[in-house]
Amino acid sequence: MISDYVPLLIFLVISFLVVGALVTASFLIGPSKPNQRKLQVYESGIVPTTPARHRLSVRFYLTAMLFIIFDVEAVFFYPWAVLLHVLRWYGIAEMFVFMLVLLVALAHIWRKGGLEWE
Amino acid sequence: MTNLYNDPFWHWIVVLAAMLALLFSLVTATAYVVFLERVVIGHIQRRPGPNRVGPRGFLQMAVDGIKLVTKESFIPRNVDLFTYIAAPSIAVLAALLTWSVVPFAIWFGGVSYWIANVNIGILVIFAISAMNVYAIMLGGYSSNSKYSLLGGLRSAAQLISYEMSLGLSLVPIFIITGSLRLQTIEGWHGGLPLILVAPLSFVIYLISAVAETNRAPFDLPEAESELVGGYHTEYSGFKFAMFYLAEYMNITAVSAIATVVFLGGGSGPVLNWVLWLAIAVAVFLLLLWSRFVPPFGALVVAAIVFAFAGLDTPLFWFLIKVLAILFVYIWLRSTLPRLRYDMLMQLGWKVLLPLSIVNVIVTALVFVALT
Numbered sequence: 072m073i074s075d076y077v078p079l080l081i082f083l084v085i086s087f088l089v090v091g092a093l094v095t096a097s098f099l100i101g102p103s104k105p106n107q108r109k110l111q112v113y114e115s116g117i118v119p120t121t122p123a124r125h126r127l128s129v130r131f132y133l134t135a136m137l138f139i140i141f142d143v144e145a146v147f148f149y150p151w152a153v154l155l156h157v158l159r160w161y162g163i164a165e166m167f168v169f170m171l172v173l174l175v176a177l178a179h180i181w182r183k184g185g186l187e188w189e
Numbered sequence: 033m034t035n036l037y038n039d040p041f042w043h044w045i046v047v048l049a050a051m052l053a054l055l056f057s058l059v060t061a062t063a064y065v066v067f068l069e070r071v072v073i074g075h076i077q078r079r080p081g082p083n084r085v086g087p088r089g090f091l092q093m094a095v096d097g098i099k100l101v102t103k104e105s106f107i108p109r110n111v112d113l114f115t116y117i118a119a120p121s122i123a124v125l126a127a128l129l130t131w132s133v134v135p136f137a138i139w140f141g142g143v144s145y146w147i148a149n150v151n152i153g154i155l156v157i158f159a160i161s162a163m164n165v166y167a168i169m170l171g172g173y174s175s176n177s178k179y180s181l182l183g184g185l186r187s188a189a190q191l192i193s194y195e196m197s198l199g200l201s202l203v204p205i206f207i208i209t210g211s212l213r214l215q216t217i218e219g220w221h222g223g224l225p226l227i228l229v230a231p232l233s234f235v236i237y238l239i240s241a242v243a244e245t246n247r248a249p250f251d252l253p254e255a256e257s258e259l260v261g262g263y264h265t266e267y268s269g270f271k272f273a274m275f276y277l278a279e280y281m282n283i284t285a286v287s288a289i290a291t292v293v294f295l296g297g298g299s300g301p302v303l304n305w306v307l308w309l310a311i312a313v314a315v316f317l318l319l320l321w322s323r324f325v326p327p328f329g330a331l332v333v334a335a336i337v338f339a340f341a342g343l344d345t346p347l348f349w350f351l352i353k354v355l356a357i358l359f360v361y362i363w364l365r366s367t368l369p370r371l372r373y374d375m376l377m378q379l380g381w382k383v384l385l386p387l388s389i390v391n392v393i394v395t396a397l398v399f400v401a402l403t
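From first to last, the protein sequence lines stand for chains A and B.
Converting from the first sequence to the numbering used here requires adding 71 to each position, the first position being numbered 1.
Converting from the second sequence to the numbering used here requires adding 32 to each position, the first position being numbered 1.
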């Protein structure tokens, strides 16, 4: 029922207020004496010479793509799992076909070395 | 049900009061989880831990908190201001909202209280806790520091890798209970607690949850020896305190969810007052024997246990179970060394993910065959 979510909404508003108060307090409380050295980025005592925003390793991109595939799979599992006591063998047969496709995909990625991390 | 009174006005007053009480107790409890961790790790390493401020160091966290928030919270040069501030805010917001659907019912006279009782409680929790990735990645990216960037990236990759096994580990529970509603899962009556029905799920859940909350031995995002502070290297004062608060709130939240899903939440043996008195006396003698608190303190603790347990609220058993899981968390931290990053990713992708899929398959087959 949609009315079940009203407390959630109220709690969301309260949480936003709390977070807003915390952020505001972070500006108000405590001394503020900035100087050039202090505002520098920390790099273990060395003055940074290059900007920090480098190009990222493609590894992270690959991980994110694989995550999308398998996390969407996990979401498909939920409604199936809840209704399995109604679907029974029919549900098992249907889901196992889907799962087989994904397991083949996982095996393929594994063999191609997509899960290695050098 | 949440319908406390038929009068709608008083109903919402009670709901609001419950929310404010939850917020207050969350922040206090979080501080004492940190304290518990420091004391337990101290004793595991054969040193006393914090014991100077207040009786047995009990006020240590209050002092630490005041010191942390009154420190200068400066903003380094060249940061992306909006995302720099948004990151700790998202962290705290996600940590608070996760608690909104956790059923920690207190009941008096058959009426129970909780914030929200929604039919997709678990999904709400997953949806909200997934926002942590944003907090960590934005924090790392906006800081304009190499350590922060690397820490944030690593952490994001770690979180999304373990999120799959975390999500899949609970699928057998949904198969068995046939519901996503946390209250239904908690009240599932199958003769056994769900941890014994689906033990593999519990193990996978616990490992993934440790990785999801960036705790040792999976605390790679803040591996001090290589990344200084990881994604929060450039955060100081209050903003750092927000990240810190969020981390410990998340730890308590995943422990609470494990309690609700696997350990039966607030259910526990129904005892009469004589047995409660016996338990209180046992607690008193144990504390006296451990010499952790002076005799008077032990008496106070025993009295609190007796009074609290005597109310016969499910909150008592709920808190005991949450504390037990928290203790395992702390125990892990003080026992296991940190994993190397490639080992961490391999564990997630090559061990936990296939294992959780197999777990789903086996549970589904056994479930349909038996029912």
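We put the CB at the ideal spot given by N, CA and C, even for glycine.
Contact of Asn-176 (chain B) with chain A by beta-carbon distance below 8 Å involves Val-112, Pro-122, Ala-123 and Arg-124. Closest in alpha carbon position to Val-157 (chain A), among B:Phe-206, B:Ala-330, B:Ala-241 and B:Thr-102, is B:Phe-206.
Straight-line measurement puts the Cα of Met-166 (chain A) at about 8 Å from the Cα of Trp-151 (chain A).
For His-125 (chain A), the three-state secondary structure derived from DSSP is coil.
Proximity of the stretch 122-138 of chain B to the stretch 176-190 of chain B falls short of the contact definition, fewer than three beta-carbon pairs being nearer than 8 Å. Interface criterion not met: the Cβ of Met-163 (chain B) is under 8 Å from no Cβ in chain A. In this structure, Leu-318 (chain B) sits away from Val-325 (chain B), with a CB-CB distance that is not shorter than 8 Å. In this model, Ile-73 (chain A) and Phe-82 (chain A) are separated by some 15 Å (Cα to Cα). Ser-115 (chain A) sits in coil when the DSSP states are folded into three classes, being neither helix nor strand. Taking one beta carbon from each stretch, the stretch 65-82 of chain B and the stretch 106-119 of chain A have fewer than 3 pairs nearer than 8 Å; the two do not touch. If you look at His-179 (chain A), you'll find it in the alpha helix (DSSP H) that goes 155-182. The C-alpha of Val-383 (chain B) is placed about 14 Å away from the C-alpha of Ile-180 (chain A). In this model, Met-170 (chain A) and Tyr-263 (chain B) are separated by some 36 Å (Cα to Cα).
Restricted to the stretch 320-370 of chain B, the alpha helix (DSSP H) segments that are unbroken, complete and at least 4 residues in length are 327-342 and 346-367, listed in chain order. Interface flag for Ser-233 (chain B) against chain A is unset, since no Cβ pair is found closer than 8 Å. Its Cα nearest to that of Ala-285 (chain B), the residue B:Leu-58 stands out among B:Ala-335, B:Leu-58 and B:Glu-69.
For Phe-294 (chain B), same chain residues with a beta-carbon under 6 Å away, outside a window of 5 residues either side, are Leu-226, Ile-227 and Phe-234 in chain order. If the five residues before and after Pro-119 (chain A) are omitted, its C-beta is found closer than 8 Å to the C-beta atoms of Gln-111 and Val-112, all from its own chain and listed in chain order. Only buried fits Ser-97 (chain A), as 16 or more other CB atoms lie within 10 angstroms of its CB. Within the stretch 342-368 of chain B, no residue has its Cβ closer than 7 Å to any Cβ of chain A. Taking a cut-off of 8 Å on C-beta distances, the stretch 85-94 of chain A touches the stretch 114-129 of chain B, as three or more cross pairs fall below it.
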